Amino acid sequence: MQRSTHKIDYARDTENIALFAKALGHPTRIKILKYLLDQSCCYTGDLVEELPLAQSTISQHLKELKNAGLIQGEINPPRIKYCINLENWEKARVLFDAFLGQQVHGGGSCDLDDD
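Position in the sequence shown (from 1) plus 5 gives the number in the working numbering.
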């Protein structure tokens, strides 16, 4: 039986999952993403009105989401308009679906009392 010459870049997929997961690892970032999904786009000031946090805190969360590629910003001085990065959003969805859709072997339980 011949092996496929098509190589999957497992390292890149693993790094991308970790990058997206880290960005999703804070409740405020989840709220920001949910807001953007509902609004299609917003300015930092919109989020300051929506969330009970300082503008600097929200800006830091936006920076993390942008660094992970889940959102993108368009500078429109003196404001920045943010929206979901659709290409990376789909990439994250596919990666998480594949990762979390894997079958757990052995039934997924371990008997910790068997020491």
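For each residue, glycine too, the CB sits at the ideal point set by N, CA and C. Owing to the predicted nature of the structure, the values given are computational and were not obtained by experimental measurement.
Am I right that residue 85 and residue 78 are in contact with their C-beta atoms under 8 Å? What's the rounded C-beta distance?
Contact flag correct, Cβ pair sits at about 5 Å.
Any idea which residues DSSP pairs residue 77 with across the strands?
88, per the DSSP bridge assignment.
Tell me, please, whether the region 51 to 69 touches the region 101 to 109 by the rule of three or more beta-carbon pairs shorter than 8 Å.
No: the two stretches stay apart, fewer than three of their Cβ pairs being nearer than 8 Å.
At the level of alpha carbons, what is the spacing between residue 46 and residue 109?
Their backbone Cα atoms lie some 38 Å apart in a straight line.
Distance check for residue 97 and residue 51, CA to CA, integer angstroms please.
Distance between the alpha carbons of residue 51 and residue 97 is about 25 Å.
Could you spell out the range, first to last residue, of the alpha helix (DSSP H) harbouring residue 67?
Its alpha helix (DSSP H) spans residues 60 to 72.
Does the beta-carbon distance from residue 76 to residue 37 come in below 9 Å?
Cβ distance < 9 Å, so residue 76 and residue 37 count as in contact.
Are residue 25 and residue 91 touching if we call contact CB-CB under 9 Å?
Result no, Cβ atoms of residue 25 and residue 91 do not sit closer than 9 Å.
I'd like to check one pair, residue 28 with residue 72: are the Cβ atoms closer than 9 Å?
Yes, Cβ-Cβ distance for residue 72 and residue 28 is below 9 Å.
Applying the criterion that 16 or more other CB atoms from any shown protein chain within 10 Å of the CB defines a buried residue, is residue 17 buried or exposed?
Flag for residue 17 reads exposed.
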